[in-house]
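Engineer: Just passing along the structure, written as structure tokens.
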Amino acid sequence: MILQTKNLSFSYGGFGLEDVSIEIKRGSICGLLGTNGSGKSTFFN
Numbered sequence: 015m016i017l018q019t020k021n022l023s024f025s026y027g028g029f030g031l032e033d034v035s036i037e038i039k040r041g042s043i044c045g046l047l048g049t050n051g052s053g054k055s056t057f058f059n
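Residues 15 to 59, numbered by our numbering, are exactly what the sequence shown covers, in order.
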């Protein structure tokens, strides 16, 4: 397994991530899609 998170929450100024869970396994190809300001960069930082 390369990346796993369960129930991740983060906020700043009322915006952020709420209850995000993901599991990415070795050898898989995935993408993270979302509108501007939806928390994509915050998730990986």
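Glycine residues also receive a C-beta, built at the ideal position from the N, C-alpha and C atoms.
Please go through the segment 25–52 and give each complete beta strand (DSSP E) segment of 3 or more residues, from N-terminal end onward.
Structural biologist: 29–38
Engineer: Sorted by chain position, which residues of the same chain lie with C-beta nearer than 7 angstroms to residue 56's C-beta, five sequence neighbours on each side aside?
Structural biologist: Along the sequence shown, one-based indexing puts residue 56 at 42. Taken in chain order, the residues that qualify are 24, 30 and 31.
Engineer: Is the CB-CB distance between residue 54 and residue 46 below 8 angstroms?
Structural biologist: What you label residue 54 is simply residue 40 of the sequence shown in a count that begins at 1. What you label residue 46 is simply residue 32 of the sequence shown in a count that begins at 1. Yes, these two residues count as a Cβ contact at 8 angstroms.
Engineer: If distances are taken between C-alpha atoms only, which option among 41, 43, 44 and 26 comes closest to residue 51?
Structural biologist: Against the sequence shown, residue 51 aligns to sequence position 37. Per the Cα distances, 26.
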